[in-house]
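K.L.:
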Amino acid sequence: MWPFIKKIQRPKAPKYDAQERELTVSVTNMADYVRVAEILPLDALSEFMNRYYELNVEEIHSREGCVDRFEGDRIFAFWGLFETEKHSAQLACEAAMAQIQAMKRFHVWAAEQGYPRPGIRIGINTGQMVVGNMGSNQRMGYSVMGKEVSIAHAVEEAAKKHGFKILVSESTAVKAQGVPFGEPVSVDFAGERLTAYPVCSKSIH
1 MWPFIKKIQR PKAPKYDAQE RELTVSVTNM ADYVRVAEIL PLDALSEFMN
51 RYYELNVEEI HSREGCVDRF EGDRIFAFWG LFETEKHSAQ LACEAAMAQI
101 QAMKRFHVWA AEQGYPRPGI RIGINTGQMV VGNMGSNQRM GYSVMGKEVS
151 IAHAVEEAAK KHGFKILVSE STAVKAQGVP FGEPVSVDFA GERLTAYPVC
201 SKSIH
């Protein structure tokens with residue numbers, strides 16, 4: 001078990017300790033998931049998705065990230081809960097680039113099984129969010145929420161629109177040292193027009 005995971009494990013008694021922090025959140029989305037779900041039998045779909053989750057989560061955890069939740073094919077993760085040498089924005093970008101590389105291994109495995117080989121898109125945003133134990137006495141989870149999480153979702157959707165594998169908000173780009181970015185694009189969010197930047201590392205092509 002990764003050391004930081006032990007720090008956020010749920011206590012025996014529910015404790016509502018949500019706090020406001022600057023974090024970086026990423027939303028990973030599988031391209032053509034609907035087609036994949038239509039093509040594969042249910043047992044094969046389960047194997048396919050678990051392998052997909054495993055490879056992506058490994059890259060997130062190995063770069064100090066915390067997986068928030070799975071929503072169908074989407075993976076929500078965040079960085080910045082604990083002090084690290086690198087800023088959360090940089091770690092999230094590095095994890096995203098590693099996820100793209102991991103999907104190449106996934107494609108090799110999928111081809112061997114006769115399964116589809118979809119790509120992924122990742123949207124990343126940095127800002128003030130609420131993080132902590134949330135839920136009820138019957139069921140509780142450690143999660144993040146707030147406007148900035150929704151912006152990460154909008155950035156991921158913009159990545160699809162513009163044809164990028166990794167797209168980050170301006171607030172992430174200015175804090176992700178050493179990460180190469182391309183020309184800015186616009187992101188529509190709740191009537192606002194935001195600026196985002198594609199990651200242009202050769203490793204993701």
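Numbering (full-length UniProt numbering), first residue to last: 1 to 205. Using N, Cα and C, we set each Cβ at its ideal position, and we do this for glycine too. If you're wondering where the values come from, they're calculated on a predicted model, not measured in any experiment.
1) Assuming F78 contacts T28 (C-beta within less than 8 Å), just tell me the rounded distance between them.
2) Please state whether DSSP places L167 in a helix, a strand or coil.
3) DSSP three-state label for F48, please.
4) Along the alpha helix (DSSP H) that carries L91, what are the first and last residues, could you check?
5) For the segment 78 to 94 against the segment 34 to 54, do three or more pairs of beta-carbon atoms, one drawn from each stretch, fall closer than 8 Å, so that the two count as touching?
6) To the nearest angstrom, report how far apart P198 and G119 are at their CA atoms.
7) Quick one: what's V130 bridged to in DSSP?
8) Find out if the Cβ-Cβ distance for the pair K161, I122 is shorter than 9 Å.
9) Per DSSP, F76 is paired with what?
10) Check whether the segment 175 to 194 and the segment 104 to 111 touch, using three or more Cβ-Cβ pairs below 8 Å as the test.
11) By Cβ distance below 8 Å, which residues in the same chain neighbour L40 in space, the five residues on each side in sequence not counted?
12) For D17 and N133, which I take to be in contact (beta-carbon distance under 8 Å), what is that distance rounded to the nearest angstrom?
13) For the alpha helix (DSSP H) containing A37, list its first residue and its last residue.
14) What number of angstroms, rounded off, separates the C-alpha of Y33 from the C-alpha of E156?
15) Out of I204, R63 and L194, which one is the CA nearest neighbour of L81?
16) Comparing C-alpha positions only, which one of A110, G146 and A111 sits nearest to G127?
17) F189 lies in the beta strand (DSSP E); which residues open and close that run?
18) Give me the residue from E58, L167, L194 and E148 with the minimum Cα distance to E22.
P.N.:
Answer, in terms of the structure:
1) Their Cβ separation, rounded to whole angstroms, is 12 Å, which puts F78 and T28 out of contact at 8 Å.
2) strand
3) helix
4) S88 to Q113
5) no
6) 16 Å
7) E20 and M145
8) no
9) V27 and R69
10) no
11) F48, Y115 and P116
12) 6 Å
13) Y33 to I39
14) 15 Å
15) R63
16) G146
17) V185 to F189
18) E148
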